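J.: Residue numbering for the sequence shown follows the working numbering, starting at 900 and increasing by one per position. C-beta atoms are modelled at their ideal positions from N, C-alpha and C, and glycine is treated no differently. Here the structure is a predicted model, which is why all the values come from computation and not from measurement.
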Amino acid sequence: MIYFIVNITARTGKSRAIWMEMKEILENRSIEYKAFQTRYAGHATDLARKISSLPEDRIYLITVGGDGTLNEVINGITDFSRIVLGILPIGSGNDFARGMGVSKDTLSNLEQMLDLIESASEGTAIDLGEVSCEALDTPKYFAISSGAGLDAIVCKKALHSRLKKFLNQLHLGKLTYLLLTIESLFSMTTCDADIIFNHGEAMHVSRMIFSAGMNLRAEGGGVPMAPDAVPDDGMLCLAMAHDVPKWLTFFLLPFLVAGKQKYISVFDCIPFKECTLHLSSPMTVHADGEYCGENTTITYKCLPGKLHFLKIS
């Protein structure tokens, strides 16, 4: 049995047509499956919790949607040891799929996943991140990144952006993040931060614009915040911009977009297993683009090999 969690509103509703084509493939191959469509925010978490609690030794669960749907799913899984997770990306950003080398050919991706499942694949073990902060009742998992400051502000605005919906219809969804980044950079407030790495090493930064615990190299529609990050090394990377005027950051953003920030002193990318940030004033926090409130104390932790993933190309 294969279980699907399908977000029919991803990519402005075009996922419905794609899902019908996928169902045809499943039926032609006589695949035994159950599909559940999300109906409200957080529904994918509820569905994943129920599916992962089923009394089966190995559960194949495929998410059909974008990065937000994936984040809801991983935060609903109750027993990662029995779950093998696949992702069929039909959202607007698809940073996780891109970071894992998954192509945009959804139907071909499905065929490859079915082949792996028929061969009883155990999946490939990859890391997850975990973020804790005072606005969250419990820690939250992330597969791509969790950030504070500029990138989180942009994610929060993008969740309810009419501009994003309009640009998605024109297949220009990535422009949403660029335009919102420029607008947010000049309206946001920076802060100072004291950072403790791995329960020991300490670092102080001033005028922090953003900090992001990165599991994959890119977020926000493909911006390589941590060009050297990989999801299976037992480490996250803390990507930061600090000690720089906001107006100058505007002119340095092209280096970040091009993945050349290591040549600019105001950008840091520091590998770590666990770190805690103590901020001088509250900052917006996100996990895989999902809003996590306003916080002054944030802890990022790497969970090595937590997720078994159906890796395709």
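What does a CB cutoff of less than 8 Å around E1010 pick up in its chain, not counting 5 residues either side in sequence?
T.: Along the sequence shown, read from residue 1 onward, the residue named residue 1010 stands at position 111. So the list reads I924, once near-sequence residues are dropped.
J.: Below 8 Å on the Cβ atoms is my contact criterion, and I expect P1203 with D945 to pass it. Report the Cβ-Cβ distance as a whole number of Å.
T.: Reading the sequence shown from its first residue, position 304 is the one you call residue 1203. Reading the sequence shown from its first residue, position 46 is the one you call residue 945. Not confirmed; about 27 Å, so no contact.
J.: Closer than 8 Å is the cut-off here; do at least three beta carbon pairs connect the segment 1180 to 1194 with the segment 1025 to 1045?
T.: Because the criterion of three Cβ pairs below 8 Å is met, the segment 1180 to 1194 and the segment 1025 to 1045 touch.
J.: When DSSP labels each residue in this structure, what does S951 get in the three-state scheme?
T.: Translated into positions along the sequence shown, residue 951 becomes position 52. Correct three-state label for S951: helix.
J.: Check whether the Cβ atoms of H1141 and V1156 sit closer than 8 Å, and answer yes or no.
T.: Position 242 of the sequence shown, counted from the first residue, corresponds to residue 1141. Position 257 of the sequence shown, counted from the first residue, corresponds to residue 1156. It is not a contact, given that the beta carbons lie outside the stated cut-off.
J.: Do I1211 and M921 count as a contact pair if the criterion is CB distance below 8 Å?
T.: By 1-based counting over the sequence shown, the position of residue 921 is 22. By 1-based counting over the sequence shown, the position of residue 1211 is 312. Not a contact, by the Cβ cut-off of 8 Å.
J.: Within a Cβ cutoff of 6 Å, which residues of the same chain sit near F1154, ignoring the five residues on either side of it in sequence?
T.: Position 255 of the sequence shown holds residue 1154. Within the same chain, F1154 has close Cβ partners Q1160 and I1163.
J.: Can you name the start and end residues of the alpha helix (DSSP H) that D1142 belongs to?
T.: On the sequence shown, residue 1142 is found 243 positions in, with the first residue counted as 1. Run containing D1142: none; DSSP gives neither H nor E here.
J.: For the candidate residues F903, C1168 and L1137, whose alpha-carbon lies nearest to that of K949?
T.: In the sequence shown, counting from the first residue as 1, residue 949 sits at position 50. Here the closest residue by C-alpha is F903.
J.: Taking S1105 as the reference, give the member of I1081, D1093 and P1170 with the closest Cα.
T.: Along the sequence shown, one-based indexing puts residue 1105 at 206. It is D1093 whose Cα lies nearest to the Cα of S1105.
J.: Among the candidates Q936, L1049 and G1022, whose CA atom is the shortest distance from the CA of S1118?
T.: Reading the sequence shown from its first residue, position 219 is the one you call residue 1118. Reading off the sequence shown, one finds Glu at residue 1118, where the question assumed Ser. For E1118, the nearest C-alpha among the options comes from L1049.
J.: Tell me the residue span of the beta strand (DSSP E) that contains D1093.
T.: The sequence position of residue 1093 within the sequence shown is 194, counting from 1. Per DSSP, D1093 belongs to the beta strand (DSSP E) from C1090 to F1096.
J.: Around the Cβ of A1111, are there at least 16 other Cβ atoms within 10 angstroms (buried) or fewer (exposed)?
T.: Position 212 of the sequence shown, counted from the start, is the residue given in the question as residue 1111. Buried, by the Cβ-count rule.
J.: Given a cut-off of 8 Å on the beta-carbon distance, is the pair L1015 and L1209 in contact?
T.: For the purposes of this step, residue 1015 is taken as the residue at position 116 of the sequence shown. For the purposes of this step, residue 1209 is taken as the residue at position 310 of the sequence shown. Against a cut-off of 8 Å, the Cβ pair of L1209 and L1015 comes out as a contact.
J.: Considering only DSSP beta bridges, list what H1207 is partnered with.
T.: On the sequence shown, residue 1207 is found 308 positions in, with the first residue counted as 1. Note: H1207 sits in a beta bridge opposite V983 and A1024.
J.: Assuming Y1199 and V1030 form a contact by the criterion Cβ under 8 Å, report the distance between their Cβ atoms to the nearest whole angstrom.
T.: If you number the sequence shown from 1, residue 1199 lands on position 300. If you number the sequence shown from 1, residue 1030 lands on position 131. Sure, about 6 Å apart at Cβ, within 8 Å.
J.: In this structure, what does DSSP give as the bridge partners for I1197?
T.: Indexing the sequence shown from 1 puts residue 1197 at position 298. Answer is C1032 and L1176.
J.: A1024: which of Q936, I982, C1054 and D1004 sits nearest, CA to CA?
T.: Position 125 of the sequence shown, counted from the start, is the residue given in the question as residue 1024. Closest option to A1024, Cα to Cα, is I982.
J.: I need the DSSP call for G1118, collapsed to helix, strand or coil.
T.: As a working note, residue 1118 is residue 219 in the sequence shown. With the sequence shown as reference, residue 1118 is identified as Glu, and Gly is not the correct amino acid for it. Three-state result, E1118: strand.
J.: Do L987 and T1005 come within 8 Å of each other at the CB atom, strictly closer than that value?
T.: Numbered from its first residue, the sequence shown carries residue 1005 at position 106. Numbered from its first residue, the sequence shown carries residue 987 at position 88. Result yes, Cβ atoms of T1005 and L987 sit closer than 8 Å.
J.: Using CA atoms only, rank isn't needed, just tell me which of I907, S952 and W918 is closest to R938.
T.: Position 39 of the sequence shown, counted from the start, is the residue given in the question as residue 938. Answer by Cα proximity: I907.
J.: Measure how close the beta-carbons of V905 and V963 come, nearest whole angstrom, since I'm counting them as under 8 Å.
T.: Translated into the one-based positions of the sequence shown, residue 905 becomes position 6. Translated into the one-based positions of the sequence shown, residue 963 becomes position 64. Yes, V905 and V963 are in contact; Cβ-Cβ is about 4 Å, under 8 Å.
J.: Does DSSP classify M1087 as helix, strand or coil?
T.: Within the sequence shown, the letter at position 188 stands for residue 1087. Here M1087 sits in coil by DSSP.
J.: Can you tell me whether W1146 is buried or exposed, with buried defined as 16 or more other CB within 10 angstroms of its CB?
T.: Mapped onto the sequence shown, residue 1146 falls at position 247. Looking at its Cβ environment, which holds fewer than 16 other Cβ atoms inside 10 Å, W1146 is exposed.
J.: Could you check what DSSP says for D956 in three-state terms: helix, strand or coil?
T.: Translated into the one-based positions of the sequence shown, residue 956 becomes position 57. Correct three-state label for D956: coil.
J.: Can the beta-carbon of H1207 be found closer than 8 Å to that of L953?
T.: If you number the sequence shown from 1, residue 1207 lands on position 308. If you number the sequence shown from 1, residue 953 lands on position 54. It is not a contact, given that the beta carbons lie outside the stated cut-off.
J.: If you reduce the DSSP assignment to three classes, tell me which class A1128 lands in.
T.: Against the sequence shown, residue 1128 aligns to sequence position 229. Correct three-state label for A1128: coil.
J.: Check L1069 in the structure and name its three-state DSSP category.
T.: Within the sequence shown, numbered from 1, the residue matching residue 1069 stands at position 170. Any reading at L1069 must be qualified, since the residue scores a pLDDT of 49, below 50, and its modelled position is unreliable; the value itself is stated next. Note: L1069 maps to coil in three-state DSSP.
J.: Which stretch, first to last residue, makes up the alpha helix (DSSP H) that contains V972?
T.: Counted from its first residue, the sequence shown places residue 972 at position 73. Per DSSP, V972 belongs to the alpha helix (DSSP H) from D966 to I973.
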